[in-house]
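A.B. asks:
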Amino acid sequence: MHKEQVTGAIRWASAAVLGGMLAAPSWAADTSQAALQKINDPARGWDHLWREVIVDITIIGILFALVTAYFVIRSRRTAENQVGASPTLSPAAAVAWVVIPIFIFLSIDLYTAANGWVLWNHYRDVPADRLEVKLESGMYSWDYTYPNGVRTQNQLVVPAGKPVMLRMTSRDTLHSHYIPDFRVKEDSMPGRVTYLWFYPEKPGEHVVTCAEYCGVMHGYMAGRIIVKSADEYAAWMKQEEIQFAAASATDAPASVKTGQPAAKPKKT
Amino acid sequence: MNLKEWIFTTDHKRVGILYLIGSLAAFAVAGIMALLMRAELSAIGPTITANPTNYNVWLYTHGAVMILGFQIPALTGFFANFCIPLMIGAKDVAFPRVNALSVWLFYVGVILALATFFIPDPPDIMWTGYPPYSTITTGNTAMYSFTVLILGFASIIGGVNFLTTVAYMRAPGITLNKLNIFVWCTLGAFVLQLIFVPVLGTAVTLISMDKYLGTNFFDPAKGGDVLTYQNLFWFYSHPAVYVIFLPFIGVVFEVISSHARSAVFNYKMVVYGGIGGIVLLAGEVWVHHLYVSGMADWLRIGQMVTTLMISIPVGLMMIGLVGTLYKSSIAFTTPMMYALGVVFLFLIGGLTGIPLAVPSLTLAVSDTYYVVGHFHYVMAVAGTFAIFAGIYHWFPKFTGRMYNEFWGKLGFWLTFLGSNIVFWIMMDIGVQGMPRRYYDYAHFPQFEHAHQWMTAGAVILGLGFAIAVLNWIIGAVKGPLAEDNPWGSPSLEWTTVSPPPHGNWPSPPSVSEDWHPYAYKKG
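Following this line, the structure appears as structure tokens:
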């Protein structure tokens, strides 16, 4: 991909500047990724980049702290009238003390930015083979609508092994659909449609929680994502479709599954 | 000494002390709010209040009052007022009566903010006041808007005053390259205030118009747009971080240089690279507060680069601070302890901000306790430590008396310990998914122990702060009399008597050719 070539070049250049001192493990992983042609799970990329950045800032922090501690320990005042004896910088040294740090900081910045951009593309490029669900958030519930019209509340059932995309909006205040296990969130708001996607690889259950202050009961606005195996998901969906068809036939409002009884369902 | 003299004073030092008293009162109230919140979160389920609205009001008050009522007024009100005319050898500020007006407005703002507790429908919209919630809540959004407008106006007229003062009232011989770092930092902060406060004023005026006058700036059903507010708000409120950061790091430069008796390392790098760089970049990074808000992808990527580049001026300033310590002569006084504390804690706060500059990493940790921990390391811990360092440092000058070293250091170690317990744990559970602004965390039972540790840490932290404030009150009333220049600093404010009289010097000070605020003389 064109963007990835550019960012790759920047990464190599800045990595060369740093002499490979910081964050060495990142290139090895990338070449194998290009060869494999599979789904780029942003959550895995997140774990990888997070660890890398944390290692970087820890090294920088420890270096700075050690130098500071050394200067402080060596500089204890020993006589009442003592003053500091630091040398005066020559004009050339003064300029070097600006240019060299700028060079180092800028290469760390660009290196981090390039890595961040690559991961960003994974977060925003949704695989074509996906389950697309509409989400309407409201005070204080998550209302999901599947492509076939089936609706659930506070509980999203998805098949394992298939990327899931949420197209989100809100009927009242701001909300943010946050799934800590999948390392992703995005605000939803009235008047705009936002999206996010995640890759549920294995069956299991995951907490969904609201991450944007939305009103008095913000702390209680929670739901679940239930990942089922493909067969179990198909069986569940069949059940839901029958209920949905029955509800549509009697012209009643579509069936709404409530995962958490605390929330009041509202009509759209 | 009578009350009327103080209320109607136009003396910059007294105006400054009025700012200090008001901002410390605000700090106490907002600090108590923090303790109430920590008490509420000490266990899952309702603990000290069963009504989430109470918690949300405490949270609103804590944020708004700490920033608008404590940090900005303490730094650009107290320190700027007290120190700048003394540092540049002026008798007073350029417009003393305008200065008095700004402190009055500040008190009106603080009283409005504190009146939150005495009205039936207190604001519960966080210090950010995002619509649509702020336009549909039963809480009093107008109170929020007026508080912000009044404090903002006070700050604007203060800014005009100080820019004029530094431009025209420097004593003969004090050239721009002989200004204290603190003066430069405050100038940078006031330039940012003058540019950006009007934007915040616009934003908060528009939400009140939407709520009470039926306009639709932020209502998409009637052609408005929700995101506009967030952009306007952060277009001011990110530079506001530097309005706090610049003066507080300026204070740290003064304290470290004085107590280490060492010239600021590479002065021009700090002034032009550090302060200049921050002023230039301040207005191009606000989108990093909106990484998960649904902004355009290209804007999020563009501002990732500008946000990461903030590390350059900040890094240069850190090199300046650490370099000042090289081959210096350090006396471990209480202000110096706080200032060294800032160096280490700001290192943590600054570096933990780097992942938050990257939008893809932010998608997981935005709006979690990680962000709260990060900005508390920067603002609450480093910022407040710097303010405390400054108050201790200039204490002999503005009161004429000395504080107690033992209680001062005890307070420092308690706050240092407490703040690391609270905010380190906070960042840790934030990465694991604990969202911010939660009255309760029933669906995150795994974090209950961490919350209990944080509550314990907050108690230690509060105790340390209380000891410091008591130390000042007791020191100001009956501490031993202070010398005129207890730290042996060449900076001009130490050349007059303690406390300085009205007019500061009997005759205007003059400086020699080789004078510099950081030129420490042997002997």
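Chains A and B are the protein sequences, given in the same order.
Using this note's numbering, the letters of the first sequence correspond one by one to residues 1 to 268.
Using this note's numbering, the letters of the second sequence correspond one by one to residues 1 to 523.
The C-beta atom is built at its ideal place from N, Cα and C for all residues, glycine as well.
#1: Residues in its own chain within less than 6 Å of Thr-116/B by CB, not counting five upstream and five downstream?
#2: Leaving out the 5 sequence neighbours to the left and right, which residues in its chain are closer than 7 Å to Ala-476/B when beta-carbon positions are compared?
#3: Give the single residue among Met-165/A, Pro-159/A, Met-139/A and Lys-162/A whose Cα lies nearest to the Cα of Gln-153/A.
#4: Taking the straight line between their C-alpha atoms, what separation do you get for Leu-36/A and Tyr-199/A?
#5: Report the neighbours of Arg-124/A on chain B: residues whose CB is nearer than 7 Å to its CB, in chain order.
#6: List the residues of chain B that Tyr-220/A touches, going by C-beta distances under 9 Å, in chain order.
#7: Under 8 Å between C-beta atoms, does Thr-152/A make it to chain B?
#8: Using only CA atoms, which one of Phe-244/A, Ala-160/A, Glu-232/A and His-177/A lies nearest to Leu-166/A?
#9: Based on DSSP bridge pairs, tell me the residues matched to Pro-159/A.
#10: Please report how far the alpha carbon of Glu-40/B lies from the alpha carbon of Tyr-439/B, in whole angstroms.
#11: Below 8 Å between beta carbons is the criterion; list the residues of the region 259-286 of chain B that meet it against any residue of chain A, in chain order.
#12: Examine chain B for any beta-carbon lying closer than 8 Å to the beta-carbon of Pro-163/A, and answer yes or no.
#13: May I have the straight-line CA-CA distance separating Cys-214/A from Ile-136/B, to the nearest angstrom?
#14: Using C-beta distances below 8 Å, list every residue in its chain close to Phe-8/B, excluding the 5 sequence neighbours before and after it, in chain order.
#15: Please state the DSSP three-state secondary structure of Tyr-236/B.
#16: Going by CA-CA distance only, name the one from Ala-154/B, Ala-113/B and Asn-54/B that's closest to Arg-97/B.
#17: Beta-carbon separation of Gln-230/B and Leu-290/B under 8 Å?
#18: Out of Gly-31/B, Ala-296/B and Gly-315/B, state which residue places its alpha-carbon closest to the alpha-carbon of Gly-276/B.
#19: Is the shortest distance between the beta-carbon of Thr-31/A and the beta-carbons of chain B less than 8 Å?
#20: Could you tell me whether the region 43-62 of chain B touches the region 75-87 of chain B, where touching means 3 or more Cβ pairs closer than 8 Å?
#21: Can you list, in chain order, the residues of its chain whose CB lies under 6 Å from that of Asp-484/B, leaving out five sequence neighbours each side?
#22: Would you kindly check if the distance between the Cβ of Ala-171/B and the Cβ of Pro-508/B is under 8 Å?
#23: For Leu-3/B, which residues from the same chain have a beta carbon less than 7 Å from its beta carbon, with the 5 sequence-adjacent residues on both sides left out?
#24: Excluding the 5 residues preceding and the 5 following Met-87/B in the sequence, name in chain order all residues of the same chain whose CB lies nearer than 6 Å to its CB.
#25: Which residue's Cα is closest to the Cα of Pro-127/A: Tyr-233/A, Ile-108/A and Lys-162/A?
#26: Is the Cβ-Cβ distance between Thr-455/B and Ser-42/B less than 8 Å?
#27: Can Tyr-441/B and Thr-334/B be called in contact, C-beta distance under 8 Å?
#28: Report buried or exposed for Phe-406/B, applying the criterion of at least 16 other Cβ atoms within 10 angstroms of its Cβ.
#29: Provide the residue(s) that pair with Ile-179/A in DSSP beta bridges, ordered along the chain.
#30: To test your reading of the DSSP string, which unbroken alpha helix (DSSP H) runs of 4 or more residues are found completely within the region 327-403 of chain B?
#31: Mind checking whether Thr-147/B and Gly-188/B have CB atoms under 8 Å apart?
#32: Since I believe Leu-308/B is in contact with Ala-380/B (beta carbons under 8 Å), could you give me their beta-carbon distance rounded to a whole number of angstroms?
#33: Could one say the Cβ of Gly-462/B lies closer than 8 Å to chain A's Cβ atoms, at least one of them?
#34: Mapping the DSSP letters down to three states, classify Gly-84/A as helix, strand or coil.
#35: Compare the C-alpha of Trp-505/B against each of Ala-90/B, Thr-10/B and Thr-49/B and name the closest.
#36: May I ask you to report which of helix, strand or coil DSSP gives Tyr-195/A?
C.D. replies: On the basis of the data shown:
#1: In the second sequence, the residue the question calls residue 116/B occupies position 116. Hits under 6 Å: Thr-61 and Pro-122.
#2: Walking along the second sequence from the start, residue 476/B turns up at place 476. Excluding positions up to five away in sequence, the list reads Thr-399 and Arg-401.
#3: As a first step, residue 153/A is located in the first sequence; it is residue number 153 there, counting from the start. When only C-alpha atoms are compared, the closest one is Met-139/A.
#4: The count along the first sequence starts at 1 and reaches residue 36/A at position 36. The count along the first sequence starts at 1 and reaches residue 199/A at position 199. Any reading at Leu-36/A needs caution, since the residue's pLDDT is 46, under 50, leaving its predicted position unreliable; the model's value is listed next. Going from the Cα of Leu-36/A to the Cα of Tyr-199/A covers about 17 Å.
#5: Along the first sequence, read from residue 1 onward, the residue named residue 124/A stands at position 124. What Arg-124/A touches in chain B: Asp-297.
#6: Counting from one through the first sequence, the residue named residue 220/A turns up at place 220. Residues of chain B passing the Cβ test: Pro-52, Tyr-438, Tyr-439, Asp-440, Ala-442 and His-443.
#7: Within the first sequence, numbered from 1, the residue matching residue 152/A stands at position 152. With 8 Å as the cut-off, Thr-152/A does not count as an interface residue toward chain B.
#8: As a first step, residue 166/A is located in the first sequence; it is residue number 166 there, counting from the start. When each option's Cα is compared against that of Leu-166/A, the closest is His-177/A.
#9: Your numbering for residue 159/A matches position 159 in the first sequence. Note: Pro-159/A sits in a beta bridge opposite Lys-228/A.
#10: Taking the first residue of the second sequence as position 1, residue 40/B is located at position 40. Taking the first residue of the second sequence as position 1, residue 439/B is located at position 439. So the two alpha carbons sit approximately 8 Å from each other.
#11: Ala-260, Arg-261, Ser-262, Ala-263, Phe-265, Asn-266, Lys-268, Met-269 and Gly-273
#12: Looking up residue 163/A in the first sequence gives position 163. Not an interface residue.
#13: As a working note, residue 214/A is residue 214 in the first sequence. As a working note, residue 136/B is residue 136 in the second sequence. Distance between the alpha carbons of Cys-214/A and Ile-136/B: 11 Å.
#14: In the second sequence, residue 8/B corresponds to position 8, counting from 1. Closer than 8 Å at the Cβ level, and outside the excluded window around Phe-8/B, lie Ala-100.
#15: Translated into positions along the second sequence, residue 236/B becomes position 236. It is helical.
#16: For the purposes of this step, residue 97/B is taken as the residue at position 97 of the second sequence. Ranking the options by Cα distance to Arg-97/B, first place goes to Ala-154/B.
#17: As a first step, residue 230/B is located in the second sequence; it is residue number 230 there, counting from the start. As a first step, residue 290/B is located in the second sequence; it is residue number 290 there, counting from the start. Cβ atoms of Gln-230/B and Leu-290/B: closer than 8 Å.
#18: Within the second sequence, residue 276/B is the residue found at index 276, counting from 1. Nearest option by C-alpha distance: Gly-315/B.
#19: Walking along the first sequence from the start, residue 31/A turns up at place 31. Legend: pLDDT at Thr-31/A = 48, less than 50; position of this residue unreliable, no value from coordinates given.
#20: no
#21: Reading the second sequence from its first residue, position 484 is the one you call residue 484/B. Excluding sequence neighbours, Asp-484/B sits near Val-497 and Ser-498.
#22: Mapped onto the second sequence, residue 508/B falls at position 508. Mapped onto the second sequence, residue 171/B falls at position 171. For Pro-508/B and Ala-171/B, yes; Cβs fall inside 8 Å.
#23: One-based indexing of the second sequence puts residue 3/B at position 3. Cβ within range, chain order: n/a, list empty.
#24: Translated into positions along the second sequence, residue 87/B becomes position 87. The residues are Asn-180, Val-183, Leu-492 and Glu-493.
#25: Position 127 of the first sequence, counting from 1, holds the residue named residue 127/A. The option with the nearest alpha carbon to Pro-127/A is Lys-162/A.
#26: Indexing the second sequence from 1 puts residue 455/B at position 455. Indexing the second sequence from 1 puts residue 42/B at position 42. Going by C-beta atoms, Thr-455/B is nearer than 8 Å to Ser-42/B.
#27: As a first step, residue 441/B must be located in the second sequence, where it is residue number 441. As a first step, residue 334/B must be located in the second sequence, where it is residue number 334. No, the pair does not count as a contact, with Cβ atoms beyond the cut-off.
#28: For the purposes of this step, residue 406/B is taken as residue 406 along the second sequence, with counting starting at 1. Per the 10 Å Cβ criterion, exposed.
#29: As a first step, residue 179/A must be located in the first sequence, where it is residue number 179. In DSSP, Ile-179/A forms a bridge with Val-184/A.
#30: 334-351, 354-357, 359-365, 369-375 and 384-399
#31: Working through the second sequence from its first residue, we reach residue 147/B at position 147. Working through the second sequence from its first residue, we reach residue 188/B at position 188. Going by C-beta atoms, Thr-147/B is not nearer than 8 Å to Gly-188/B.
#32: Your numbering for residue 380/B matches position 380 in the second sequence. Your numbering for residue 308/B matches position 308 in the second sequence. Rounded, the Cβ-Cβ distance is 23 Å, inconsistent with contact.
#33: Reading the second sequence from its first residue, position 462 is the one you call residue 462/B. So, not an interface residue.
#34: Numbered from 1 along the first sequence, position 84 holds the residue referred to as residue 84/A. Looking at Gly-84/A - three-state DSSP - the assignment turns out to be coil, as it is neither helix nor strand.
#35: Within the second sequence, numbered from 1, the residue matching residue 505/B stands at position 505. Checking every option, the nearest Cα to that of Trp-505/B belongs to Ala-90/B.
#36: Reading the first sequence from its first residue, position 195 is the one you call residue 195/A. Strand at Tyr-195/A.
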